[in-house]
């Protein structure tokens, strides 16, 4: 996949651009970069902006100094046209468990032969964080309520599993559809699986599967369209982060996710009167030389010095945003 060098400001002001994803290694300042960019966008491009965090670490609320983890989108105080939602996978899964317990989701007799569903209700299955996050991504890709959506993603491993889900689920639903077509009579016996009370028992499952497959294909189309989506990698000038960034870039290429910007955050300044600080500064200079050699030709590099104070709250984020977007 070809990359096109374009600044974050140019991405934000592109007419058709709708999704900006921030990702990278844990602890590099992804949330700060994503949130400050969202504030700049809300205040400068005259569009309704949503920032959505899929990171289970709950950093978005801390960054904004406002609780946005209640499960619903809320307006960000002090910033017109900015809305926020921090996903809470435990809360989301708890809602699902409660729906089963309340009988809102009916477990058919055919499945109960496999064991006691009380055990199932007490656990969160592997991959549930990414699956719940992807369900939210699907939800907001389909909505027209927000003109521009910025995703503050989880650390690299979680993000890669999230981005692989369209391919995995598309294949999964494709196989289900083929199976349904071949085994129509058998499938009819399973028509009650996980139906909600009050659902039409005669609903066509094949149509539902095709509809879900179309939604996933549409999401994949949106996320791989360089006119609509771009991924911003955030890193720090340390070798471990360089290695992880390279792995992330290769995986983004594999999934055909457009990526045009790398933010190199927390670059230590020159501090002659501090031996430790000066040692860090020299190390960062060496690593910056390698980063420039690796990525200058293909990506827009945003070099951000280490901030002397904590970047938290709207005022500090707004100031930080002016450094990123220039």
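In the working numbering, the protein residues as written are 570 to 895. Glycine residues also receive a C-beta, built at the ideal position from the N, C-alpha and C atoms.
Self-check item: Ranges of the beta strand (DSSP E) found wholly within the stretch 793-837, counting only runs of at least 3
Solution: 798-804 and 828-836
Quiz item: Where does residue 704 sit, in a helix, a strand or coil, going by DSSP?
Solution: Looking up residue 704 in the chain shown gives position 135. Helix at residue 704.
Quiz item: Can we count residue 583 as close to the ligand SAM, meaning its CB is less than 7 Å from some heavy atom?
Solution: Only the bare structure without any ligand can be found here, which leaves the ligand SAM out of the picture.
Quiz prompt | Contact with chain B by residue 825, beta-carbon distance below 8 Å | solution = Included in the structure is just one protein chain, with no chain B present.
Self-check item: Supposed contact pair residue 628 and residue 636 - C-beta distance, whole angstroms, cut 8 Å
Solution: Stepping through the chain shown from its first residue, residue 636 is reached at position 67. Stepping through the chain shown from its first residue, residue 628 is reached at position 59. Not quite, the Cβ-Cβ distance comes to about 13 Å (not below 8 Å), so this is no contact.
Quiz item: What residue does the beta strand (DSSP E) around residue 894 start on, and which one ends it?
Solution: Within the chain shown, the letter at position 325 stands for residue 894. Residue 894 -> no beta strand (DSSP E), and no H or E assigned at all.
Exercise. Answer yes or no: do residue 621 and residue 800 have a C-beta to C-beta separation smaller than 8 Å?
Key: In the chain shown, the residue the question calls residue 621 occupies position 52. In the chain shown, the residue the question calls residue 800 occupies position 231. Against a cut-off of 8 Å, the Cβ pair of residue 800 and residue 621 comes out as no contact.
Self-check item: Secondary structure of residue 870, DSSP reduced to three states
Solution: The residue you call residue 870 lines up with position 301 of the chain shown. Here residue 870 sits in strand by DSSP.
Quiz item: Should the stretch 814-830 be regarded as contacting the stretch 787-795, the criterion being three or more beta carbon pairs within less than 8 Å?
Solution: yes
Self-check item: residue 623 and residue 656 closer than 8 Å at C-beta
Solution: The residue given as residue 623 occupies position 54 in the chain shown. The residue given as residue 656 occupies position 87 in the chain shown. Result yes, Cβ atoms of residue 623 and residue 656 sit closer than 8 Å.
Quiz item: On the three-state DSSP scale, how would you describe residue 620?
Solution: Within the chain shown, residue 620 is the residue found at index 51, counting from 1. Strand, per DSSP.
Quiz item: Going by DSSP, what residues sit across from residue 721 in a beta bridge?
Solution: The sequence position of residue 721 within the chain shown is 152, counting from 1. According to DSSP, which records beta bridges pairwise, residue 721 is partnered with 591 and 622.
Exercise. Let me know the secondary structure DSSP gives residue 655 once reduced to three states.
Key: Counting from one through the chain shown, the residue named residue 655 turns up at place 86. In the structure shown, residue 655 sits in a strand (DSSP, three-state: E or B).
Quiz item: Going by Cα to Cα distance, which pick from 863, 807, 713 and 706 is closest to residue 853?
Solution: Walking along the chain shown from the start, residue 853 turns up at place 284. Cα-wise, what sits closest to residue 853 is 807.
Quiz prompt | Touch test, the stretch 711-722 against the stretch 613-620, Cβ-Cβ under 8 Å, three pairs minimum | solution = yes
Practice problem: Please name the residue, chosen from 803, 577, 710 and 811, that lies closest to residue 786 on a Cα-to-Cα basis. | Solution: Here residue 786 is taken as the residue at index 217 of the chain shown, counted from 1. When each option's Cα is compared against that of residue 786, the closest is 710.
Quiz item: With distances taken between CB atoms, is the gap from residue 804 to residue 594 smaller than 8 Å?
Solution: As a first step, residue 804 must be located in the chain shown, where it is residue number 235. As a first step, residue 594 must be located in the chain shown, where it is residue number 25. Closer than 8 Å, so yes.
Quiz prompt | Unbroken alpha helix (DSSP H) run spanning residue 864, endpoints | solution = Taking the chain shown and counting its residues from 1, one reaches residue 864 at position 295. Residues 844-864.
Practice problem: State the Cα-Cα distance for the pair residue 849 and residue 592, rounded to the nearest angstrom. | Solution: One-based indexing of the chain shown puts residue 849 at position 280. One-based indexing of the chain shown puts residue 592 at position 23. Approximately 24 Å, taken between the alpha carbons.
Quiz item: Taking C-beta to C-beta, are residue 893 and residue 602 nearer than 8 Å?
Solution: Looking up residue 893 in the chain shown gives position 324. Looking up residue 602 in the chain shown gives position 33. Yes. Within cutoff.
Exercise. Specify, as a first and last residue, the run of the alpha helix (DSSP H) that residue 600 falls within.
Key: The count along the chain shown starts at 1 and reaches residue 600 at position 31. From DSSP, the alpha helix (DSSP H) with residue 600 extends over 599-613.
Practice problem: Would you mind giving the Cβ-Cβ distance between residue 810 and residue 597, rounded to the nearest angstrom? I have them listed as a contact below 8 Å. | Solution: Locating residue 810 in the chain shown gives position 241, counting from the first residue. Locating residue 597 in the chain shown gives position 28, counting from the first residue. Right, the Cβ-Cβ distance comes to about 6 Å (below 8 Å), so this counts as a contact.
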